[in-house]
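Below is one structure; the comments refer to it alone.
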Amino acid sequence: MGMVVTVETQLKDNITSYEWKMKKRKSDALNEDELSYKIRISDVNVVITGYSKDYSSYLSKETLKLGGQLVGMGVHCTHLVAPKILRTVKFLTCVSHASYVVTSQWLENSIAASQFLDPCSFLLKDEEVEQKLNFDFQKNIKHRSSGKLFQGLQMYMTPNISPPVSFLRELVKCHGGQVITHPPDAVHPAPSLIIITCEKDVHLLADALKTNLYNSEFLINAIIKQQVDFSTFGGI
Numbered sequence: 001m002g003m004v005v006t007v008e009t010q011l012k013d014n015i016t017s018y019e020w021k022m023k024k025r026k027s028d029a030l031n032e033d034e035l036s037y038k039i040r041i042s043d044v045n046v047v048i049t050g051y052s053k054d055y056s057s058y059l060s061k062e063t064l065k066l067g068g069q070l071v072g073m074g075v076h077c078t079h080l081v082a083p084k085i086l087r088t089v090k091f092l093t094c095v096s097h098a099s100y101v102v103t104s105q106w107l108e109n110s111i112a113a114s115q116f117l118d119p120c121s122f123l124l125k126d127e128e129v130e131q132k133l134n135f136d137f138q139k140n141i142k143h144r145s146s147g148k149l150f151q152g153l154q155m156y157m158t159p160n161i162s163p164p165v166s167f168l169r170e171l172v173k174c175h176g177g178q179v180i181t182h183p184p185d186a187v188h189p190a191p192s193l194i195i196i197t198c199e200k201d202v203h204l205l206a207d208a209l210k211t212n213l214y215n216s217e218f219l220i221n222a223i224i225k226q227q228v229d230f231s232t233f234g235g236i
């Protein structure tokens with residue numbers, strides 16, 4: 001009888017040990033996944049734009065409660081939150097740097113879960129703008145060169161362009177370009193020179209500089225698409 005009890009006890013111990021090991025493996029795997037996810041979202045630097053003041057304030061407070069940070073500069077932004085593709089300073093300076101461009105639903109669901117959720121389920125899609133400009137926003141974001149859209153390009157802006165020079169200058173610098181403040185050399189213009197102007201200002205330019213003129217739409221659309229295309233839009 002004693003031997004039977006011993007065998008049964010040993011069998012139960014073996015089963016219990018096996019179950020415990022299997023549970024531990026599942027637990028370890030889960031912990032590894034959770035750890036990996038936490039590493040990926042350890043620095044959540046959020047920029048919120050395009051919403052009402054009250055709603056933005058609410059989202060901002062909840063972001064801080066979840067352990068995220070609110071940032072103002074595009075270069076520090078990891079998560080850009082917006083209802084659609086916008087032409088605000090915040091959106092246009094952050095779109096080149098943010099790891100994710102999402103809607104507020106990402107924050108709403110994260111608030112409900114009391115933790116930041118994977119933003120890949122809440123990526124921003126703006127069918128109207130994407131169809132108009134013939135591009136895939138998220139695809140271009142994925143394949144962009146962060147902060148280097150205008151790298152290697154020099155830009156001169158004439159005084160009466162709209163949006164104003166101060167606005168566009170910030171965008172160009174944020175995307176790696178150089179803005180020159182003095183009129184370019186009409187005799188030996190730099191090959192990388194781009195002139196941003198408007199019909200009102202064309203007369204201010206020397207004839208030699210009037211071959212490659214672009215309006216402000218060239219800059220803004222290039223930033224939105226994260227792609228410089230000299231043939232598609234913005235020429236004068």
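Taking full-length UniProt numbering, I'd label the letters of the sequence shown as residues 1 to 236. Cβ coordinates follow ideal geometry from the N, Cα and C atoms, glycine included.
Contact set for residue i: own chain, Cβ-Cβ below 6 Å, skip 5 residues either direction
i       : result
Cys-179 : The sequence shown places Val at residue 179, rather than the Cys named in the question. Around Val-179: Met-155, Arg-169 and Val-172.
Phe-137 : Glu-130
Val-89  : none
Phe-135 : Lys-225
Val-75  : His-97
Gly-50  : Ala-82, Pro-83 and Leu-86
Closest residue to residue i among the options (Cα-Cα distance)
i       : options                               : result
Cys-174 : Leu-80, Leu-66, Met-73 and Lys-200    : Met-73
Leu-59  : Asn-140, Asn-215, Ala-112 and Gln-138 : Ala-112
Ser-192 : Pro-163, Leu-153, Cys-198 and Asn-160 : Leu-153
Val-46  : Ser-52, Asp-54, Thr-63 and Lys-53     : Thr-63
Gln-105 : His-97, Ser-99 and Lys-84             : Lys-84
Val-44  : Leu-107, Lys-200 and Lys-53           : Leu-107
Phe-218 : Arg-87, His-97, Pro-183 and Leu-205   : Arg-87
Asp-207 : Asp-229, Pro-183 and Lys-142          : Pro-183
His-143 : Gln-227, Gly-68, Gly-176 and Tyr-51   : Gln-227
Gly-176 : Ala-82, Phe-230, His-203 and Cys-94   : Cys-94
Asp-229 : Glu-199, Leu-204 and Ile-194          : Ile-194
Pro-119 : Ser-145, Ile-236, Leu-92 and Leu-80   : Leu-80
Whole-Å CB distance - residue i paired with residue j, under 8 Å assumed
i           : j       : result
Leu-117     : Val-102 : Contact doesn't hold; Cβ gap of about 10 Å is too wide.
residue 251 : Thr-78  : What is shown of the chain runs 1 to 236, which leaves residue 251 out entirely.
Neighbourhood of residue i by C-beta distance below 7 Å, restricted to the same chain and skipping five residues each side
i       : result
Ser-216 : Ile-161, Ser-162, Pro-163, Leu-168 and Ile-196
Ser-110 : Leu-66, Phe-116 and Leu-117
Lys-139 : none
Leu-204 : Thr-158
Min CB distance residue i to chain C below 8 Å
i       : result
Leu-124 : Here chain C cannot be found, since the structure has a single protein chain.
Proximity of residue i and residue j at Cβ, strictly below 8 Å
i       : j       : result
Asp-201 : Thr-158 : yes
Gln-115 : Leu-70  : no
Residue i CB to nearest heavy atom of the ligand PLP below 7 Å
i       : result
Gln-227 : Among the components modelled here there is no ligand, and therefore nothing to report on the ligand PLP.
Nonlocal neighbours in the same chain, by C-beta distance under 8 Å from residue i, ignoring five residues either side
i       : result
Cys-198 : Thr-158, Asn-160, Ile-161, Ser-162, Asn-215, Ser-216 and Ile-236
Touch check for the stretch 205-219 and the stretch 126-139: three-plus C-beta pairs under 8 Å? no
For the stretch 213-229 against the stretch 143-159, do three or more pairs of beta-carbon atoms, one drawn from each stretch, fall closer than 8 Å, so that the two count as touching? yes
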